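If you use the numbering used here, the first sequence corresponds to residues 10 to 317, in order.
From the three backbone atoms N, C-alpha and C, an ideal C-beta is built for every residue, glycine too.
Computed from a prediction, not measured in an experiment: that's the story for all the values here.
Structure first, then comments.
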Amino acid sequence: MPVVCLVGPTAAGKSELALALAKKLNGEIISCDSMQIYRGIDIASGKPTKTQSRRIKHHLIDILKSSREYNAARFQAEAKKIIKKIHQQGKLPLLVGGTGLYLRALLDGLFKGPGQSIAWRRKFYQQAQKHGPAYLHQKLQKIDPEAARSIHPHDLRRIVRALEVYQTTKQPISELRKKTEGLRADYDWFIFGLNRPRHELYQRIERRVESMFRRGLAAEIKRLSRQKISQTAQALLGYKEISGWLNGEYSKEKAKELLKRNTRHYAKRQLSWFRKEKDLEWIEIREWDNPKLVANKIIALLADQLTS
RNA sequence: GCCGGGAUAGCUCAGGUAGUAGAGCGCGGCCCUGAAAAGGCCGGCGUCCCCAGUGCAAGUCUGGGUCCCGGCA
C-alpha cells in the first residue's frame with residue numbers, strides 16, 4: 010500500500026500543495042508537525058484555515074491542549090494507526106509537514122526505551138549547573154563510551170537523555186539505539202521534499218511573518234502565555250520572540266526581526282535534515298509555479314514510479 | 001567656513017610601543033532517535049578610503065587629498 014509524504018522547510022508551500030494533491034488522489038492529510046498538534050496555536054504554526062481543512066480531512070491537528078507535552082513516540086503511534094485506518098477506507102494517506110524527526114520515527118522507528126523522566130532530567134540539569142556540562146559528559150563516558158563519542162560535550166540535552174535512559178534501564182543508550190522498528194518496509198513510501206531557491210524561500214518567510222503579525226500573532230502568544238504551557242509548545246517559534254516584546258525587553262520591530270531570522274535558521278536546519286533522508290525526491294519550485302500544476306507533476310512522478 | 005571624531009570582512013566595530021589583520025552578528029555547511037519550530041558543532045586572504053614620504057618593514061608614523069558624522073558659525 011502506498012503512503013505519500015510531502016516534507017520540506019517552513020514556508021515552502023507544503024500545505025497548499027498537499028491540499029491539491031489530496032483532492033486529486035482521494036487522500037487524507039496527516040500532519041507531521043510538532044506545533045499544529047496544539048489547539049490554540051493557529052497563526053504561529055501556520056495551520057491551514059478552517060475552510061481549507063473542511064474540504065479535505067486533516068489528522069493530528071488540534072488534538073492537544075498547549076499545556077500538554079508531546080513527542081516523537083506519540084506521533085509515531087498515532088500516525089501508524091491513522092495510516093492504517095485511511096487505507097481501510099480505500100483512501101491514500103498523505104503525510105505532510107516539516108518535523109523531520111517525526112517522519113524518521115515513523116519510517117525507521119524509535120528504540121524501545123523509556124520515555125522522558127522528569128525527575129532524572131531535573132537532577133542532571135542541576136548537576137550540569139553546578140559542575141558544568143563536561144562533568145556529565147565524563148559521567149556518560151564511563152557508562153557508555155560509544156554514546157559519549159557520538160554526542161558533543163556541549164550538547165547537554167542529548168547527554169542528559171543518554172544518562173536518563175541509562176538510569177531507568179541500566180542499559181547504554183548506544184545499545185538500545187541499535188534496535189529500532191519502523192514502517193519503512195510495511196508500505197510503499199513516496200517521499201517528496203518541497204524546496205525553493207534560498208532567496209525566494211527567505212522572501213516567503215519574511216512575508217509570512219508580516220502576515221502573522223497582521224493577523225494577530227501577538228494576541229495569540231499573549232493568550233498562550235497566560236495559561237500553563239508545556240515545554241514542547243514553548244519551543245514554538247514566535248513564543249520567546251513575541252514574549253520579549255510584550256515584556257518590554259525590546260520593540261515590536263525587533264521582535265519581528267528576531268522571528269524572521271530564527272525562522273530562516275530553522276528552515277536551514279530542516280533542509281539539512283531532509284537532505285539526509287533516504288529515497289527523498291526533491292521538487293524544486295519557483296515563485297511563479299502554480300500549486301495545481303506542481304501537484305500534477307508529482308502525480309506524474311508517482312505514476313512513473315509505480316509502473317517501474 | 002571653522003573645530004573635533006571617523007573611514008578595516010555583508011553589518012557593527014577591536015586592532016599598546018610599526019612586522020602583510022581579529023570579534024560579535026549576519027550568511028553558509030553539518031550533526032541529530034521519546035522536548036525536534038528544540039539542542040549542538042564547524043567555516044573569515046579582506047583594494048585595512050586614495051596618493052606621496054620615512055623605515056628592511058606602515059591599518060599602525062609624517063604630509064597632502066576625498067568622503068562621512070557631530071558641534072560651532
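Residue from Ala-29, Pro-18, Lys-100 and Ile-200 with nearest C-alpha to Leu-311: As a position in the first sequence, residue 311 is number 302, starting the count at 1. Selected option, being the one with the closest Cα: Ile-200.
Option in Asp-197, Leu-210, Lys-263 and Glu-229 with minimal Cα separation from Asp-288: Residue mapping note: residue 288 aligns to position 279 of the first sequence, counting from 1. It is Asp-197.
Sub-8 angstroms separation of Val-303 and Leu-268 beta-carbons: Looking up residue 303 in the first sequence gives position 294. Looking up residue 268 in the first sequence gives position 259. Their beta carbons are not under 8 angstroms apart, which means Val-303 does not touch Leu-268 by this criterion.
Segments assigned alpha helix (DSSP H), at least 4 residues, entirely inside the region 245-314: 248-255 and 261-283
Bridge partner(s) assigned by DSSP for Glu-184: Here residue 184 refers to the residue found at position 175 when the first sequence is read from its first residue. Glu-184 is not bridged to any residue.
Reduced DSSP secondary structure (H/G/I, E/B, other) of Pro-154: Here the question's residue 154 lines up with position 145 in the first sequence. Note: Pro-154 maps to helix in three-state DSSP.
Alpha carbon of Asn-305 to alpha carbon of Val-13, nearest angstrom: In the first sequence, counting from the first residue as 1, residue 305 sits at position 296. In the first sequence, counting from the first residue as 1, residue 13 sits at position 4. Each residue's alpha carbon lies about 14 angstroms from the other.
8 angstroms Cβ cutoff met for Gly-118 and Asp-42: On the first sequence, residue 118 is found 109 positions in, with the first residue counted as 1. On the first sequence, residue 42 is found 33 positions in, with the first residue counted as 1. The criterion of a C-beta distance shorter than 8 angstroms is not satisfied by Gly-118 and Asp-42.
Given Ala-264 as reference, the closest of Phe-222, Ile-292, Asn-299 and Ala-244 once Cα atoms are compared: Along the first sequence, one-based indexing puts residue 264 at 255. When each option's Cα is compared against that of Ala-264, the closest is Phe-222.
Distance, His-140 Cα to Asp-195 Cα: On the first sequence, position 186 is the one that residue 195 refers to. On the first sequence, position 131 is the one that residue 140 refers to. Cα to Cα, the separation comes out at about 47 angstroms.
DSSP state of His-163 mapped onto helix, strand, coil: Taking the first residue of the first sequence as position 1, residue 163 is located at position 154. If DSSP states are grouped into helix, strand and coil, His-163 belongs with coil.
Reference Phe-120, options Lys-33, Ala-82, Gln-150 and Ser-76, closest by Cα: Taking the first sequence and counting its residues from 1, one reaches residue 120 at position 111. Nearest C-alpha to Phe-120: Ala-82.
Bounding residues of the beta strand (DSSP E) (the contiguous stretch that carries Phe-84): By one-based count along the first sequence, residue 84 stands at place 75. Taken as a continuous stretch (DSSP letters only), Phe-84 belongs to no beta strand (DSSP E), being part of the alpha helix (DSSP H) at 81-97.
For Trp-198, the residue or residues it bridges with in DSSP: Within the first sequence, numbered from 1, the residue matching residue 198 stands at position 189. The secondary-structure analysis by DSSP pairs Trp-198 across a beta bridge with Val-12.
Three CB pairs or more closer than 8 angstroms across the region 86-93 and the region 248-262: no
Residues of its chain near Tyr-47, where Cβ-Cβ distance is below 6 angstroms and the 5 sequence neighbours each way are ignored: Within the first sequence, residue 47 is the residue found at index 38, counting from 1. Within the same chain, Tyr-47 has close Cβ partners Leu-73, Ser-75 and Ala-242.
Proximity winner among Thr-272, Glu-184, Lys-59 and Glu-78, relative to Ile-127 (alpha-carbon distances): Sequence index remark: in the first sequence, residue 127 carries index 118 (1-based). Residue Glu-78 is the option with its Cα nearest to Ile-127.
Local Cβ density within 10 Å of Ala-244, reported as buried at 16 or more and exposed below that: As a working note, residue 244 is residue 235 in the first sequence. Answer is exposed; the Cβ neighbour count stays below 16.
Ile-168, DSSP secondary structure in three states: Translated into positions along the first sequence, residue 168 becomes position 159. If DSSP states are grouped into helix, strand and coil, Ile-168 belongs with the helices.
Residue nearest to Gly-122 in terms of C-alpha spacing, selected from Arg-170, Lys-32, Gln-240 and Glu-229: The count along the first sequence starts at 1 and reaches residue 122 at position 113. Nearest of Arg-170, Lys-32, Gln-240 and Glu-229 to Gly-122, Cα basis: Arg-170.
Inter-stretch contact at 8 angstroms, needing at least 3 Cβ pairs: the region 287-301 / the region 21-34: With the cut-off at 8 angstroms, the region 287-301 and the region 21-34 touch.
Close Cβ partners of Asn-204 (< 8 angstroms) along its chain, the five nearest in sequence each way excluded: Against the first sequence, residue 204 aligns to sequence position 195. So the list reads Gly-17, Pro-18, Ala-21, Leu-210, Leu-280, Trp-291, Ile-292, Glu-293 and Ile-294, once near-sequence residues are dropped.
Lys-231 burial status per 10 Å Cβ neighbour count (16 or more: buried): Here residue 231 refers to the residue found at position 222 when the first sequence is read from its first residue. Exposed is the call here.
Reference Glu-215, options Arg-278, Lys-148, Arg-270 and Lys-33, closest by Cα: Counting from 1 along the first sequence, the entry for residue 215 is found at position 206. Glu-215 has its Cα closest to that of Arg-270, out of Arg-278, Lys-148, Arg-270 and Lys-33.
Expected contact under 8 angstroms - CB spacing of Ile-38 and Leu-233 to nearest Å: The residue given as residue 38 occupies position 29 in the first sequence. The residue given as residue 233 occupies position 224 in the first sequence. The pair is not a contact, with the Cβ atoms about 25 angstroms apart (cut-off 8 angstroms).
For Ala-114 and Phe-84, believed in contact at Cβ under 8 angstroms, the rounded distance: Within the first sequence, residue 84 is the residue found at index 75, counting from 1. Within the first sequence, residue 114 is the residue found at index 105, counting from 1. The Cβ separation is near 6 angstroms, so the contact holds.
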